[in-house]
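Chains as they are written, first to last, in this note's numbering: chain A, 17 to 307; chain B, 2 to 317. Built from N, CA and C at the ideal position, the CB exists for glycine as well. Since this is a predicted model, take the numbers as computed values, not measurements. Here the structure comes first, spelled out in structure tokens, and everything after it is commentary.
What follows is the structure in structure tokens.
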């Protein structure tokens, strides 16, 4: 019965890492702007789809991934500059609808450009599985987990050491005070959109060799990312990453031991139970609502 | 009820009655039916979101639960159609009543997530419980609606029924909004603690409006199932929940006429965009963004602003 457990754990952690990176993107934008960005899943999709597109155009794999991530980061910044900033401090629901509109636009554009097919991407370093504690581990899984860890460590450094990171934290803490201290809240908002585009796209690009990618993968990944960030406690970046991993593992165990048909439901059932028991998420503070 | 309310209700009845006459063929009557049904759900959701300030990202689930319940009751179990309709509305009401208590304790994004999770779980069940629901390929063979011996087989008859139900729902919504409960809801929206201090039973008021909105969605769901005689899970997924919210916000929060306008506009929009073939999805997304950027209070707010402007001009 438990024979499959290590296998499920590995695949759960791999997918969970992407949920975690998506959740991290949600958190970064939420912290600096108070917006839940429903186009977050589209960043993840862009990471995968653009990598494939650049590969097809002849770029070597590392360059293709890097380009895809950069272009997505740029797209994130453009979204903030183009449709979020002009609206200013309007109602949260309106901003959410705007991000939904943007996600429809991005998805539609990708569909028109590359069609509705699912695309495969080659693994970074071969596809020969390694045996680890009775689980067949794809090398790509190791890539996914280590890149996720590197990104997390880099973000930790960014937030605690760099002036921009500290400025973003200041915006999250108290916008007015941050503004009075000479921080450009607008520029921080743009930076947070770019950064979450970067992180989301990185997640999409490293997962694409495992799960295929297509114009519409962003919807479910975005929802799971949102779930992960609520699970971890909204506003807490490392809670978000942990929430993603937990969600991925739960889902993988649920699919393995109970029923694969209801795979996508497990994550949400667990989340609902948790929300009803502890309404601010696993690592959330006593109360945090900004709507 | 004020004379203004009575006048607008009469005008609405006239508009609903005249609408089919302006249309070239039955295909458009079909779209009108869908407009009415969506308007019905959106009106309920607008009371929940616009008046009480509670977001639901899972309202498609109530619509779907009712549609599937009546489908199973009539096609699988062979019950009479009116019993199916009752069962459908009862199921969505009951489910809403049960999940309202834990769900409505949540606030802001947590509430959004809980309702979203509920909606997704329900739509996954529609997809996976193949023996009961027919799975992804859908549920076929739902009988047409019959009521006291009259069969609603033609689209025109069905439209008359749906428009009538929508009109009645509008009346009910107005009564609720003008009532003590309606004022309580608006108070909750502004400040829960202040509302509580004024002696309002917050949990009860929220539960009432949540269940009421599920009843609206349930009625729409049963009519939808018996109109199309076919239901598939894709009609009740996350995407539809988002569309419903978009209709509420685009129409204008806390405005009954806004809800109707938003629903009619967004339901018929894809039909107008058909001629742009594949680009329609881009236009849909773009319009959504543009409307929200330039009309933050929705269509209702936009019209109000225009009227104010015209009034000022007229006065000099």
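query                                                                                                                          : result
Validate contact between the region 39-54 of chain A and the region 203-223 of chain A using beta carbons, cut 8 Å, 3 pairs    : yes
Stretch-stretch touch, CB-based, cutoff 8 Å, three pairs: the region 76-89 of chain A with the region 214-230 of chain B       : no
Closer than 8 Å at the beta carbon, the chain A residues around residue 239 of chain B                                         : 235 and 239
Listed by chain order, chain A residues near residue 119 of chain B by CB distance under 9 Å                                   : 284 and 288
Proximal residues to residue 177 of chain B (C-beta, below 6 Å), its chain only, five neighbours per side dropped              : 183
Contact set for residue 305 of chain A: own chain, Cβ-Cβ below 6 Å, skip 5 residues either direction                           : Low local confidence applies: a pLDDT of 45 at residue 305 of chain A is under 50, so the model's placement there is unreliable, with the coordinate-based value given in what follows. No residues qualify anywhere along the chain.
Cβ distance (whole Å) where residue 134 of chain B is taken to contact residue 59 of chain B below 8 Å                         : Incorrect: roughly 18 Å between the Cβ atoms, too far for contact.
Which residues DSSP lists as bridging residue 229 of chain A, in chain order                                                   : A:135
Anticipated Cβ contact below 8 Å, residue 174 of chain B with residue 48 of chain B, distance rounded                          : 6 Å
Residue 114 of chain B, enclosing alpha helix (DSSP H) - first and last residue                                                : 109-129
7 Å Cβ cut-off: residues of chain D touching residue 285 of chain B                                                            : Absent here is chain D; the protein component of the structure consists of chains A and B.
Residue from A:258, A:178 and A:208 with nearest C-alpha to residue 46 of chain A                                              : A:208
Neighbour flag for residue 207 of chain B against chain A, beta carbons, 9 Å                                                   : no
Residues in the region 30-53 of chain B having any Cβ partner in chain A nearer than 7 Å                                       : none
Proximal chain A residues relative to residue 115 of chain B, where beta-carbon distance stays under 7 Å                       : 288 and 291
Rounded C-alpha distance that separates residue 121 of chain A from residue 281 of chain A                                     : 27 Å
Of the listed residues A:25, A:24, A:66 and A:173, nearest to residue 130 of chain A (C-alpha basis)                           : A:66
Bounding residues of the beta strand (DSSP E) (the contiguous stretch that carries residue 276 of chain B)                     : Neither: residue 276 of chain B is in no beta strand (DSSP E) and is coded neither H nor E.
For residue 147 of chain A: DSSP bridge partner residues                                                                       : A:152
Closest residue to residue 167 of chain B among B:293, B:16, B:3 and B:4 (Cα-Cα distance)                                      : B:16
Helix, strand or coil at residue 99 of chain A according to DSSP, with G and I counted as helix                                : helix
Test item: CB-CB of residue 249 of chain B and residue 263 of chain B under 9 Å                                                : yes
Partner residues on chain B for residue 242 of chain A, Cβ-Cβ distance less than 8 Å                                           : 114 and 117
Option in B:301, B:314 and B:258 with minimal Cα separation from residue 10 of chain B                                         : B:258
According to DSSP, residues forming a beta bridge with residue 151 of chain B                                                  : B:148
Chain A contacts made by the region 290-309 of chain B, where a contact means CB separation under 7 Å                          : 290, 293, 294 and 297
Distance CB(residue 153 of chain A)-CB(residue 26 of chain A) smaller than 9 Å                                                 : yes
Amino acids of chain A, ordered along the chain, whose beta-carbon sits closer than 8 Å to that of residue 162 of chain B      : Per Cβ cutoff of 8 Å: no residues; residue 162 of chain B is ~32 Å from chain A at best.
7 Å Cβ cut-off: residues of chain A touching residue 157 of chain B                                                            : Simply none; closest approach about 34 Å.
Other residues of its chain near residue 53 of chain A: CB distance less than 6 Å, five sequence neighbours each side excluded : 45 and 115
Separation of residue 302 of chain B from residue 3 of chain B, as counted between CA atoms                                    : 21 Å
Straight-line Cα distance separating residue 283 of chain A from residue 146 of chain A                                        : 28 Å
Proximity to residue 239 of chain A [Cα-Cα], best of A:222, A:49 and A:56                                                      : A:56
Stretch pair the region 84-97 of chain B + the region 65-74 of chain B: three plus CB contacts closer than 8 Å                 : yes
Per-residue DSSP class, three states only, for residue 232 of chain B                                                          : strand
N-terminal and C-terminal residue of the alpha helix (DSSP H) that residue 278 of chain A is part of                           : Note, residue 278 of chain A: premise wrong, no alpha helix (DSSP H); not H, not E.
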